[in-house]
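Report on the structure given below.
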Amino acid sequence: MTEKLPPELLADPAVIAARLKRIERHRARMAQTPSLADDAPMGSGAPNRHGMPKLPPGQTPARKWPVLDVGVHPTVTAAQWRLRIDGACDKPLELDLQQLQQLPQVIDTSDFHCVTTWSKMDLTFVGVRVSTLLALAEVQETAAALMCHGYDGYTTNVTLDEALKDDVLVTWQVEGKPLPREHGGPVRMITPQLWAWKGAKWLSRIEILTADAPGFWEQRGYSMTAYPWRDDRYG
Ligand SMILES: Nc1nc2c(c(=O)[nH]1)N[C@H]1C(S)=C(S)[C@@H](COP(=O)(O)O)O[C@H]1N2
Ligand SMILES: [Mo]
């Protein structure tokens, strides 16, 4: 399984360098315009736009849905795809796509906010709530966060509180079609109330942690919490 490889082996260094520069520019801009930060208590409650301004501060709506990742698009066919759920749970499990599709499905329309300042509005996803999967795995009392792994070696952490929200899905269909490979198909995670980097594409493993720990971008200066409406982007 490629998921065991350290991300550094798989990621494109140019992509990473460009993103790190972006952090510096953001810090400079925030230093000049601190009022950009929104201290309203956004990023909690579902769905992701109830009672909130539609667009988080600093975002621009995108016409097409851009593709963003560390530069490796693994080929995982629907037949090959597996999701492992392990760590702080009593019933670790492995699912294939058919099994995922036999679990209770939800249809949810949400907005997709990328920290690089574009938002793709009104995407309708079909999939299984992460809360359903965690219940199946019998998550333990001590659980605090998830480390989500992709087949490309990518990792990202999501706190349990955020992961249990109703619109956090492991999704295999968007806009009525199978999730395209470039957007993480056959199966990815989405976190509509957090920046989109918290949703691992080509999802391979949900590791349940007893203490929050940084994933790929979080180790490189991205926010651990990632609340779009608080302009909580980096650091
Ligand atoms: N496996 C994996 N998941 C990933 C990434 C990645 O590089 N690898 N990039 C993240 C980032 S930074 C963003 S903004 C979103 C982009 O999703 P999209 O390409 O479908 O727009 O995926 C996130 N999930
Ligand atoms: Mo991103």
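Sequential numbering from 64 applies to the sequence shown in our numbering. Just so it is clear, CB atoms sit at the ideal spot from N, CA and C, and this is done for glycine as well.
**Prompt:** Grouping DSSP H, G and I as helix and E and B as strand, with all else coil, what is A208?
**Reply:** Taking the sequence shown and counting its residues from 1, the one referred to as residue 208 is at position 145. Correct three-state label for A208: strand.
**Prompt:** Taking D171 as the reference, which of T254, P277, P129 has the closest Cα?
**Reply:** Position 108 of the sequence shown, counting from 1, holds the residue named residue 171. Nearest option by C-alpha distance: T254.
**Asked** Who are the near neighbours of A151 in its chain, counting only those whose CB is closer than 6 Å to its CB and skipping five residues on each side?
**Response** Residue mapping note: residue 151 aligns to position 88 of the sequence shown, counting from 1. Cβ within range, chain order: Q203, T205, A206, I271, T273.
**Chain-order list of residues whose beta-carbon lies under 6 Å from that of C211 (same chain, five-residue window excluded)** = If you number the sequence shown from 1, residue 211 lands on position 148. These residues qualify, in order along the chain: T219, M252, A263, I269.
**Prompt:** Can you name, in chain order, every residue of its own chain whose Cβ lies under 8 Å from the Cβ of Q165, other than the five neighbours on each side?
**Reply:** The residue you call residue 165 lines up with position 102 of the sequence shown. Answer for Q165: no residue qualifies.
**Prompt:** From G284 to H89, what does the alpha carbon distance come to, in whole angstroms?
**Reply:** Taking the first residue of the sequence shown as position 1, residue 284 is located at position 221. Taking the first residue of the sequence shown as position 1, residue 89 is located at position 26. Approximately 12 Å between the Cα atoms of the pair.
**Prompt:** Among residues of its own chain, excluding the 5 on either side of T180, which ones have a beta-carbon nearer than 7 Å to its beta-carbon?
**Reply:** Counting from one through the sequence shown, the residue named residue 180 turns up at place 117. Excluding positions up to five away in sequence, the list reads G121, Q122, T123.
**Request:** Excluding the 5 residues preceding and the 5 following P129 in the sequence, name in chain order all residues of the same chain whose CB lies nearer than 8 Å to its CB.
**Result:** On the sequence shown, residue 129 is found 66 positions in, with the first residue counted as 1. Result list for P129: C177, W181, K183, in chain order.
**Asked** What's the gap between the Cα of L163 and the Cα of P241?
**Response** Counting from one through the sequence shown, the residue named residue 163 turns up at place 100. Counting from one through the sequence shown, the residue named residue 241 turns up at place 178. Computed Cα separation, rounded: 14 Å.
**Inter-residue CB distance, Y297 and W265 (contact presumed, cutoff 8 Å)** = Within the sequence shown, numbered from 1, the residue matching residue 297 stands at position 234. Within the sequence shown, numbered from 1, the residue matching residue 265 stands at position 202. The pair is not a contact, with the Cβ atoms about 24 Å apart (cut-off 8 Å).
**Message:** How far does the alpha helix (DSSP H) with S182 in it extend, from its first residue to its last?
**Reply:** Against the sequence shown, residue 182 aligns to sequence position 119. That residue, S182, is in no alpha helix (DSSP H); its beta strand (DSSP E) goes 181–192.
**Asked** G213: beta carbon under 7 Å from a heavy atom of ligand 1?
**Response** Stepping through the sequence shown from its first residue, residue 213 is reached at position 150. Because some heavy atom of ligand 1 lies under 7 Å away, the Cβ of G213 counts as near it: yes.
**Prompt:** Does ligand 1 have a heavy atom nearer than 7 Å to the CB of H246?
**Reply:** Along the sequence shown, one-based indexing puts residue 246 at 183. Within the cutoff, so yes.
**Request:** Using 10 angstroms around the beta-carbon of Q256, count the other beta-carbons present and answer buried if the total reaches 16, otherwise exposed.
**Result:** On the sequence shown, position 193 is the one that residue 256 refers to. It is buried - the Cβ of Q256 has at least 16 other Cβ atoms within 10 Å.
**Request:** Assuming L232 and F188 form a contact by the criterion Cβ under 8 Å, report the distance between their Cβ atoms to the nearest whole angstrom.
**Result:** Taking the first residue of the sequence shown as position 1, residue 232 is located at position 169. Taking the first residue of the sequence shown as position 1, residue 188 is located at position 125. That pair is a contact at about 6 Å.
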